[in-house]
Amino acid sequence: MADAAKPKMDFRTMFFFAMTLSLCLNTVVCFIGSLGLPFVKAFTLVTYRAALMSASVAFLYRIAYSLKPPASMMSIAGWRASLAPVLNSNGAHYVIYSIVFAMGRPVPTVLFPLTICGGYQLLTIANKHFPATLKRVRGDRLFALAQQEMHKMMAMCATMECSMLPLLIMELFTPARSVTRVFMYVNYLRRRYACKDDTVFRIKYTYGNAGQFHQQVWGMLDQRTSPILRRVPGIDKVLGPLKRWFTQGAAPMKTQ
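Residue numbering for the sequence shown is 1102 to 1357, as defined by my numbering.
As structure tokens, then:
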């Protein structure tokens, strides 16, 4: 079937297509520039920030049209109830993620979780509206594989997000140190651990939610470090309260 026979994109679809395409293209240029190529290197910073901005604008747009005002505009309790699901969504979390890393030097790997999610949205729109074009460039196979392996890709996103914390901690020993960024990111990861949202951009996870993938990452880390940490006297008195604080509000992890 020709692309022309497919339904036209509405404004929201066009908006997400443009923003996720911008995110993916800027990530590619930023990564290539980080390799030190003379001409492309000059665009590393601008494409890094453009990618973060593209993702943030898309998420903020979804938050804006998803927000349902309370019946009484003057009701504080009503606004709290309306804002709670929005502030605890993947979109709101990734906006915080973008802000944290926009404040520092360009780190292309920071863009990978956002770009993976953006790539899913981009492929989904292309598969619906440009199937013939997608098939010509073998994108239909990539889309099918991406759908099949979505749980693995979302687990990879969670792993990469968690792996950014050591990077920020190591920066505390450099002139680029920022205690504020570390504090913000620890709280970000805490929110991700308890996140029950299973939709990113406009894509629904095929399995689980964001919190479950983060719980898997921290669970594996706990399994590997526990035998060593148990040998340290009194460590439980320090780590115990921290664990309880970090995992507070998280739903029990479901098994696949």
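Backbone N, C-alpha and C fix where the C-beta goes; we use that ideal spot for every residue, glycine too.
Source: prediction; values computed, not measured.
So what's residue i in DSSP terms, helix, strand or just coil?
i	result
T1356	Caution is warranted here: a pLDDT of 48 is assigned to T1356, below 50, making its placement in the model unreliable, and the coordinate value is therefore given only provisionally. Residue state, collapsed to three classes: coil.
K1109	coil
F1116	helix
T1275	coil
V1287	helix
K1169	coil
T1300	strand
Span of the alpha helix (DSSP H) holding residue i?
i	result
Q1349	Neither: Q1349 is in no alpha helix (DSSP H) and is coded neither H nor E.
K1229	1212-1230
M1321	1311-1330
V1201	1191-1203
A1206	It should be noted that the sequence gives Arg, not Ala, for residue 1206. Here R1206 belongs to no alpha helix (DSSP H), and DSSP marks it neither H nor E.
F1140	1139-1142
G1179	1177-1188
A1247	1240-1249
Which residues in the same chain as residue i place their Cβ atom closer than 8 Å to its Cβ, once the five residues preceding and following it in sequence are excluded?
i	result
R1278	E1272
I1270	V1283
Spatial neighbours of residue i within its chain, please: C-beta separation below 6 Å, excluding the five flanking residues on both sides.
i	result
F1347	R1291
S1190	D1298
I1133	V1141
H1315	A1259, R1293, Y1294
S1167	none
G1205	none
Y1149	C1131, P1207
Enumerate in chain order the residues of its own chain whose CB-to-CB distance from residue i is below 7 Å, with the five nearest sequence positions on each side excluded.
i	result
F1116	Y1162
T1145	C1131, G1134, S1135, P1207
S1173	G1179
A1156	L1124, Y1195, S1199, L1215, G1219
A1159	F1117, M1120, T1121, F1302
Any 3 or more C-beta pairs closer than 8 Å across the region 1120-1129 and the region 1211-1225: yes
Do the region 1153-1167 and the region 1254-1261 meet, that is, are 3 or more Cβ pairs less than 8 Å apart? no
Is there contact between the region 1224-1238 and the region 1172-1188, where contact requires at least three CB pairs shorter than 8 Å? no
Would you check if the region 1278-1298 and the region 1192-1200 touch, i.e. whether three or more CB-CB distances between them fall below 8 Å? yes
With three or more beta-carbon pairs closer than 8 Å as the criterion, would you say the region 1311-1319 touches the region 1279-1293? yes
Sufficient close CB pairs (3 or more, under 8 Å) joining the region 1200-1211 to the region 1261-1275: yes
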